[in-house]
Each structure stands twice: as C-alpha cells, then as structure tokens.
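Structure, as structure tokens:
Residue numbers (the working numbering): 283 to 1044.
Listed below in structure tokens is the structure:
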C-alpha cells in the first residue's frame, strides 16, 4: 500500500530545495464555479511524530491457515478444526469436522456430497513429478468408513470421475493414482459423492473421513506404521504468548504475499535440522524446486534466524517451515517466534478526539473509476473536495444493491448477518450508527432521494428525522434538491449534527438537466433520457444489444448525473463553510454501490459482483484528524462506522463486526485484509490484495488477478496457485464463523489475530 501525497506537497518541496518551477499546468480550480472553490486552504492535520514499526504478519497466529505436511506428504486431518480451510466453499458441500467416531477424530459428510480443495505445490508440484513408465508421479490416500449400510462412493478429481468404490463400516485407507492430465499446481478439487445417507445425530450422514494425504506414489502406497504422532503442539508461556512445537518429519506451509524488502524472522530451538523453503506459483508451474532459504542444525539453546524475502516482494509465495531428523525419533523444533516483518515509519496517534459534526454524502450508483482525475466533462466541485480529503482508491461496497449496502455500513455487519442480503429489512438486534451518535447527543437527520429508505426496512433506527425528497410525487429528486432540503431543515439548528444525504442521481433514468448536456448529441438509436431506465431493463433481458454510439450516449447521460452530484456537493460544502461548520467537521463522500454499462453484458446494478458494481468512491475530509492523500489498500464499507466513531472518540457498538480504519490510514504497508461482498442468490466475492474469488451461483467459481486483469476478463481458477489458496483459506474461516466474527478481535481471514486460534482452541 502506498500513501501518495498531493502534487501541492511535491511543489512545496521543489520550492524549498530551490529547484526551478515545474512546467506550468492549467490550474483546475480556476474554472470552478464559485460555490465549489475553496476560499481558504483547509487547516492541515497536525504533523505527527513518527515511530519505527517492524511487525507485519505473525505466522504463529496464522497457524489455522497453514497447510500440514508429514513425511513429505500433504495431509488434511479432518479430525482437527484447522481442516476448515480445506473445505470447499460451495453450498452443496457440507462437513462437520473434528467429530469423534468410535474414539477416532474425523470429519462427517452431511448429505451425499462433500468436497475439499487440496493444494499441490512446493516439492509436490506436479511438474516435479511427471509420469514415469506409465505410472503417475503423485498419488492420494483417503482414510474413511461408511455411516450408512451398503455404502458406495464415487471419487471425483477436479470434477472428473476417478473411481467407484464400496465402503465398509470399518476404517480403511484407500489409495488412488492422480492422473497427470487432471492434476495441476495449486488447489485441486476432491469431491466425494456417496450413494446413501442415514439419519443420525439430527443430520443425514453418509460417511466419516479421517484424513486425505497427497504425496509421491512411493510415499502414499507405503504401508503406514501405526498412528502418526500429533503433527504439532501449541503451548503458551506465562504471558500468554504461543509457541509451536513441530514433530520430526512435520512441516507447515504458509501462503503470503510479503511487501517489498520484507524479512522472515524466526526463533527456533530443539533437536534435528530446521529448514525453510520458499517458492512461488511460477516455480510450481514451471517445475522449479523451492528455494532452500535456510537449513540449520537445531540447538537446545535456540537460534535466531533472519531470512531476506526481498526477492519475492509483492509476489504471492509459499513458505514452508519443516523439521527433520534421520536419527532421533524424539527430535523436533519449538518455534517461539515466526513473523514476516517490514520496517516502516508510522505516526504516533495523537489526534484530538472530540464530538464533532458528522456529514455523510452517500451516492447510489457512483463508480470509483468515474471520479478519477482527467475524465470529461470534469466534476470540479468533487475534484476540489477530493483534493482536500483522504481518498481510499480501492473501497468496496458489501453489496451491489442499495438497501443491503446501506444496512452494512450503518450497522457494521455484513448482509447475511443483518439479513438484508436480498434487499429486505435489517434484522432485530442490530445497532445502527445514528443510535451510537444519539447517546453522544447528536441531532440525527437523513434526507434521501431513495423512497425505499424507510422504517419498514429498519434503516431509520436512531434517527430524529427522515425526509424523502421526490419519492414519486412529482418533486425534483436531484442532488441539489436533497441538499436544499437538508440545508433548510438544519441551518438554524444548534449543537452537534449528524446529517446523512442519500443521492440517487446516477441511477436510471439518467436524466441530468439540459445545461449538463451542451456537448452531447443523441444517436439515432439512443434512448430518450427519461426512458433510460426502460433501456437498462431491456439490456438486462437481452432484448437490446447497444452499439458503441448508443452506449456512449447513455454513459454521457450518466456522466451528466455525476455532474449534478458534483454541483450538489459544492452547495453542501458552501453551506457548511458559511455556517462555520466545515473545518471542524468530519465530511464523508461515499458510493453506495456501482453501476454497470455492459462491461460484462449487463446494465444497471444489483446482478453481479464485478468491480464496476462493487468498487465505489470513499473520501473523508477531516483536516484536524487526517491529512489529505490517497490510500490504495483495499477496504470496505463495513469499517466506515467504526472509523467515524473512533475519530469522534466514541466506543463502537458491541455488535459491530468492522473495525476502525485508523490503523490502515496510519500504516504505509498494512497487513493483508479479506473483504467479502454478497448477492441475494447466495453468490459471494472475496478480495485479498489483488486476488478476487467469486463463489456462485450454485457450484460455479471464478478467480481473477486484478493487478493483471482489472477488467475481470480471464478466469484463472485452474491456475490461481498461491494467491487462490490465500483467498480460499481466508474466506473459509470468515464464512464458517460469519455470525461471531469481529475484526477488532480476530482480524480478517487473511490476517488472523492471535485471539482467533486461542478462542477456537487451535
């Protein structure tokens, strides 16, 4: 993540250094309407003192995400809760892991079908184990028993049948060769489809699966000698700090994307040899053996090791920590510290937190890419505001629909928890942002152009006043009308104010005022502005396939609506400035969801989870609290309410699942985070860094690398490698514990805090 200063800061440094003035540029503020111009520079945020910071990702805390290896084979032990990270994220796959079956820990298959995602990489990469003399290089073993009589199972590998077997009621270990043409590096899908189920313990159960192993043909077909010892043990010292003891022959593989100039720091002691292997997806794809980054004899007195990861900066990699001993069966390694570190300077947080006015301008249908500088026609008032604000370049809505998205940011819980994933109403028991502000004494008013924002949907909890502008009664519902209504109702009000304005200009019909369309010419096939909502509906149904000119015309109308939003923003800021509220206030400009224009065949919003539907503008202007600039770390609106109450010095509501973004604001290289967005059909999209995994509808999955393919045109599911494993594991944990998740305590699935494993007994 890079924090980018404005060009004004750069010019100041040039002046101080005595450099000649840069080439003259046209001052964009010169052409601004008076209402959108900044008459006086905003007061700068206080210059903070800096402190040096190293810690970036604690690998001991990430142990639930680590893949287990034993004697060179990748092992999924379904008797352990940590196997959750391998469970396929489809609704048709159901497991109950870490259950006891006749004294043995295993995973229970609920229903007839269950699936696992199994990474094959590192020294097991398929390219390192080609077929030899007609014999596959890799094999798999499944230890299972039937829970229903006359049981049979079809074993599918990457959705191709591998074998049909009868399964007895006794534990048995069945082995399979893995066909090279069906096996690829990274995650491979194992699906088990059973013939029968038996009702037991309140569920229809088919079988119990103790473990799945993948390794070389020789390793898997060898007869195991009794039950293996536990792969690792977790202990805590008197201060509660964990340590991890690995048995000889055991390894843990971590999947991370380290920042540039990162290091791996380890404190290890014990008996035997300790090794660190590093590899990337390119290595796995091309058949390159992992790099042996460290190989040291262990000492009882301990060993501090620092490994430079600069060669893999900003690259998703696999880091394997393993211990081995050819002579001492009691050998092993005790790891007391394992962390990826990246040295950087972060400011000491000395913000003056106090009660202030809070103004939120929420715009439905606003896309982040439409607010990038240089687009035409310009949005002068918005550009002036962004120049004074802290802008989050990669902010995401939690839903592409207005009601679920509003509910998520106001309640700081995701749609499946607040129960508006289909755009219905907020579940009882949620605490909305206005309710928190009510306790602090703010007057709370919402003025909206969307008539669906009602008490019936649970969105008015904690408000003193709700006013719908337009609402189908022939009134003007443009942004200027919303602002004028808000100003008329609050200009004489004393005391602290929470004012939320909901603007719907960028939604169809795209019908800006005529003065915003002076340069626009409607093509022969172009729809009339007041009928563009009909056009959107016909495009969704496939009844209209627009040509380039027709689409350009509709997008020009949309741009005109954004010009209306920009004008309304300028009027709101002018009111705040004239009433001497602006510079002490926190002013937020945010998109509620995006809008599609056939990037992927649809129009409008609410039907997909592509970037154009989810990526929205988010900017916070609070000159006494945060400096202007830009942040490109991905964030979502779930964290907005906790951030705002943090800046006001108020405690967050206990039920909120988001956390304050102040940590992200202050950290130039923040740790990875998982963001999840939801559709009403059960589809979900998870984002970690530049990796995006889309689940559903049904069994479908798609995977995109946004750094190389921002338009999401190439599905890399079969070649996702390390990045895909990172997102899958992160989503597995958050979806499994969605009702209980609290980012402030557990982090996100991509950066688990120590409390997560501790709370779940891992």
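Every residue, glycine too, gets a C-beta built ideally from N, C-alpha and C.
Asked: CB-CB length for residue 1010 against residue 469, believed under 8 Å; Found: 6 Å
Asked: Status (buried if at least 16 other CB within 10 Å, exposed otherwise) for residue 505; Found: exposed
Asked: Own chain, CB closer than 7 Å to residue 451, minus 5 neighbours either side, in chain order; Found: 427 and 428
Asked: Supposed contact pair residue 495 and residue 684 - C-beta distance, whole angstroms, cut 8 Å; Found: No, residue 684 and residue 495 are not in contact; Cβ-Cβ is about 49 Å, not under 8 Å.
Asked: Distance between beta carbons of residue 479 and residue 530, contact taken as under 8 Å; Found: With 8 Å as the limit, residue 530 and residue 479 do not qualify as a contact, their Cβ atoms being about 41 Å apart.
Asked: In chain order, each beta strand (DSSP E) run of at least 3 residues that lies wholly inside the stretch 855-886; Found: 868-875
Asked: Residue 821 versus residue 882: straight-line alpha-carbon distance, rounded; Found: 12 Å
Asked: Through-space distance from residue 371 to residue 789, alpha-carbon basis; Found: 33 Å
Asked: Rounded straight-line distance, which links the Cα of residue 543 to that of residue 629; Found: 20 Å
Asked: Contact under 8 Å by Cβ, residue 962 with residue 1013; Found: no
Asked: Distance, residue 574 Cα to residue 415 Cα; Found: 30 Å
Asked: Residue of 950, 400, 385 and 369 minimising C-alpha distance to residue 391; Found: 369
Asked: Close-in-space but distant-in-sequence residues of the same chain around residue 798 (CB under 7 Å, 5 per side omitted); Found: 842, 845 and 846
Asked: Proximity winner among 586, 540 and 571, relative to residue 623 (alpha-carbon distances); Found: 540
Asked: Residue 966 - DSSP class collapsed to helix/strand/coil; Found: strand
Asked: Residue range of the alpha helix (DSSP H) that includes residue 553; Found: No alpha helix (DSSP H) holds residue 553; the beta strand (DSSP E) holding it covers 545-553.
Asked: Residue 725 - DSSP class collapsed to helix/strand/coil; Found: strand
Asked: Check whether residue 1048 and residue 803 have beta carbons under 8 Å apart; Found: With the chain covering 283 to 1044 only, the question about residue 1048 has no answer from this structure.
Asked: Option in 393, 734, 488 and 445 with minimal Cα separation from residue 432; Found: 488
Asked: Selected residue, minimal CA-CA separation from residue 722, among 393, 894, 795 and 639; Found: 639
Asked: Whole-angstrom distance between residue 340 and residue 900, CA atom to CA atom; Found: 30 Å
Asked: C-alpha gap between residue 879 and residue 1027, whole angstroms; Found: 39 Å
Asked: Residue 974 - containing alpha helix (DSSP H), residue span; Found: Where residue 974 is concerned, there is no enclosing alpha helix (DSSP H), although the beta strand (DSSP E) it sits in stretches over 973-977.
Asked: Alpha carbon of residue 475 to alpha carbon of residue 644, nearest angstrom; Found: 48 Å
Asked: Cβ-Cβ separation, residue 781 to residue 868 (assumed contact under 8 Å), whole Å; Found: Actually they are not in contact, since the Cβ atoms of residue 868 and residue 781 sit about 11 Å apart, beyond 8 Å.
Asked: Buried or exposed (CB count within 10 angstroms, at least 16 for buried), residue 693; Found: buried
Asked: Of the listed residues 614, 552, 608 and 666, nearest to residue 584 (C-alpha basis); Found: 552
Asked: Reduced DSSP category for residue 566 - H, G, I as helix; E, B as strand; rest coil; Found: helix
Asked: Alpha carbon of residue 593 to alpha carbon of residue 599, nearest angstrom; Found: 11 Å
Asked: Three-state secondary structure (DSSP) of residue 896; Found: helix
Asked: Bounding residues of the alpha helix (DSSP H) (the contiguous stretch that carries residue 1007); Found: 1003-1018
Asked: Separation of residue 526 from residue 535, as counted between CA atoms; Found: 14 Å
Asked: Residues near residue 394 by beta carbon distance below 7 Å, same chain, minus five either side; Found: 475, 476, 479 and 488
Asked: Candidates 402, 955, 888 and 894, of which the one nearest residue 914 by Cα; Found: 955
Asked: Span separating the alpha-carbon of residue 676 from that of residue 916; Found: 5 Å
Asked: Start-end ranges of the beta strand (DSSP E) lying completely within the stretch 338-407, minimum 3 residues; Found: 349-352, 355-359, 377-383, 386-392 and 395-402
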